[in-house]
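The structure appears below as structure tokens.
There are 2 protein chains.
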Amino acid sequence: MEPIALSAALASFTEQWSPRIVTAVNDYDVRVAKVEGDHVWHVHDRTDEFFLVLDGELHISLREPAGERTVVLPKGSVFTVPRGIEHKPYAPAPTAILLFEPTGTLTVGDRHDDVPDHVDATTGHALR
Amino acid sequence: MEPIALSAALASFTEQWSPRIVTAVNDYDVRVAKVEGDHVWHVHDRTDEFFLVLDGELHISLREPAGERTVVLPKGSVFTVPRGIEHKPYAPAPTAILLFEPTGTLTVGDRHDDVPDHVDATTGHALR
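What follows is the structure, encoded as structure tokens:
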């Protein structure tokens, strides 16, 4: 195995909201994705989900017990969505993110709103 | 919980080779560290270890079955050291890294050479 430049990984595909698996850490994946516009409201019942913004800006709306709010992650920021919290990512402009989550985690979670055509319901694609 | 800017996390401490825990993802930690010079040869018998270079350049020497080699990670590159592979990180200049590994993972692994004074043998410190 050799180191992987995230810029090269991101340059290897064009699809939005369609994560690529960069490497595995035990039974977790490190994934990168290009995103813009709305994802879909969804929830992972059994796992937290980690976001790092590599470029651009990611908004994550959260439906917490206390109510709904949106956190904003500028480039270089991180946030973990706790398991069981319904959330919807959104990017106002082309954005690149890195995700850390258990292998097999579905992009649209265990429960979700109707998945629009521009969102890829996947457990991540291999990097080519 | 609020998003955390990695730049602010890194600005909150000065110690080298002394990771700070930025957030948790299930039973894994996301840690950041400032590093320069040599770490120590060590091995994690039961876990892989993920490195992302945020700034600077990290070298990781590896003692693999086929022999010893060193991988070089420029800024923006990632690498996973497989469990059971003895390794020694080294940074030729001040460098910032992000790590994913199970909570409780010791910086010097399960087996290691003598730990020099400049290396902090820790499972990670809380971010203040």
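Chains as they are written, first to last, in full-length UniProt numbering: chain Y, 1 to 128; chain R, 1 to 128. Even for Gly, the Cβ is constructed at its ideal location relative to N, Cα and C.
- Taking all protein chains in view, the Cβ of S18/R is crowded by 16 or more other Cβ atoms within 10 Å, so the residue is classified as buried.
- In this structure, the straight-line span from the alpha carbon of D27/R to that of R31/Y is close to 18 Å.
- When the Cα atoms are used, P116/R and V40/R turn out to be separated by approximately 8 Å.
- Contact annotation: in the stretch 18 to 31 of chain Y, residues whose CB is within less than 8 Å of a CB in chain R are V22, T23, A24, V25, N26, Y28, V30.
- Your pair G37/Y and H118/Y checks out as a contact, with CB atoms roughly 7 Å apart and the cut at 8 Å.
- Two segments are said to touch when three or more pairs of C-beta atoms, one from each, lie closer than 8 Å; by this definition the stretch 93 to 100 of chain R touches the stretch 46 to 60 of chain R.
- Per DSSP, the continuous alpha helix (DSSP H) segment holding L10/Y begins and ends at 6 to 11.
- One finds V71 in chain Y with Cβ atoms closer than 7 Å to the Cβ of E2/R, taken in chain order.
- Cβ neighbours of E64/R within its own chain (closer than 7 Å, five residues either side excluded): I85.
- Annotated as distal: R128/R and D45/R, with beta-carbon spacing of 9 Å or more.
- Taking 9 Å as the cut-off, the Cβ atoms of V22/Y and H87/Y do not count as close.
- Inter-residue distance for R83/R and E49/R is about 7 Å (C-alpha atoms, whole angstroms).
- Nearest to L62/Y by alpha-carbon distance, out of M1/R, A126/R, H125/R, G124/R, is M1/R.
- Counting along the chain, D38/R sits inside the beta strand (DSSP E) bounded by residues 28 to 38.
- At least one C-beta of chain R is nearer than 9 Å to the C-beta of F100/Y.
- Interface with chain Y (9 Å Cβ-Cβ cutoff): E49/R is included.
- At least one CB of chain Y lies nearer than 9 Å to the CB of F79/R.
- With respect to the C-alpha of A121/Y, the residue from E15/Y, L52/Y, I4/Y, P3/Y having the closest C-alpha is E15/Y.
- Shown here is that no member of the UniProt region "Disordered" (109 to 128) of chain R has a Cβ falling below 7 Å from a Cβ of chain Y.
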